[in-house]
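Asker: Right, I'll just put the structure down here and ask away after.
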């Protein structure tokens, strides 16, 4: 028996509190529950290296902060845990709630692809649309297996693919003045 849209379960942030704390990552996108396990070592290395570069730049410039796996709660039905975000100091001051979760869009969100069509669909389609609608200025999709980064930037009120960077390219962003990192360094 197939479910129609109207009889599907719509999960909320409150429902997440009832799920076991077993190391799984629970995310909601438009009320749909996504459960993922701990990522592959290559995934973790890529996000760690990228965080190190962004964090170092942030400390040198004092323009904002980078965070790994922050809670990003847009609504009761849209509650995700991106791999990495960067927010300017001004934006961060208004985004953080008392529990230390972000309640709105940071300027930059980074997701590292995990294996599997469901995981890839979540990051390339569902999260891209969610981040686009919620006002993220830039979205990077990191593919550690292919060692490439897709850069999406806000153009005419939505996120659009502007570059696919390969190992020999430099990663820069107009959001991050003076930030530059070789793509190869991220996958080292």
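Numbering (our numbering), first residue to last: 40 to 227.
Every residue gets a Cβ at the ideal spot worked out from N, C-alpha and C, and that includes glycine.
Can you name the start and end residues of the beta strand (DSSP E) that residue 186 belongs to?
Answerer: Here residue 186 belongs to no beta strand (DSSP E), and DSSP marks it neither H nor E.
Asker: Let's test the definition: count the other Cβ atoms within 10 Å of the Cβ of residue 161 and tell me whether it reaches 16, buried, or not, exposed.
Answerer: buried
Asker: Would you report the Cα separation of residue 181 and residue 85, rounded to the nearest angstrom?
Answerer: Cα to Cα, residue 181 sits roughly 8 Å from residue 85.
Asker: What residue range does the beta strand (DSSP E) around residue 49 cover?
Answerer: Following the DSSP letters along the chain, one finds residue 49 in no beta strand (DSSP E), marked with neither H nor E.
Asker: What's the call for residue 225, buried or exposed, on a 16-neighbour Cβ count within 10 Å?
Answerer: buried
Asker: Any idea which residues DSSP pairs residue 191 with across the strands?
Answerer: 178, 200
Asker: Can you tell me whether DSSP reads residue 40 as helix, strand or coil?
Answerer: Unreliable placement is indicated for residue 40, whose pLDDT of 39 sits below 50; the coordinate value is still reported in the next sentence. It is coil, neither helix nor strand.
Asker: Measure the Cβ-Cβ separation of residue 108 and residue 122 and say whether it is below 8 Å.
Answerer: yes
Asker: Less than 8 Å between the CB atoms is what I'm expecting for residue 63 and residue 76, so what's the real figure, rounded?
Answerer: 6 Å
Asker: Go to residue 106, then tell me how far its alpha helix (DSSP H) extends in each direction, as first and last residue.
Answerer: No alpha helix (DSSP H) contains residue 106, which is instead part of the beta strand (DSSP E) from 103 to 107.
Asker: Within 10 angstroms of its Cβ, does residue 99 collect 16 or more other Cβ (buried), or is it exposed?
Answerer: exposed
Asker: On the DSSP bridge list, what partners appear for residue 65?
Answerer: 74
Asker: Output the residue ranges of the beta strand (DSSP E) runs that lie fully inside the stretch 126 to 158 and measure 3 residues or longer, sorted by chain position.
Answerer: 147 to 151
Asker: Around the C-beta of residue 126, are 16 or more other C-beta atoms found within 10 angstroms, so that it is buried, or is it exposed?
Answerer: So residue 126 counts as buried.
Asker: From 94, 93, 142, 70, pick the residue whose C-alpha is nearest to that of residue 116; which is it?
Answerer: 70
Asker: With DSSP collapsed to three states, give me the class of residue 95.
Answerer: It is helical.
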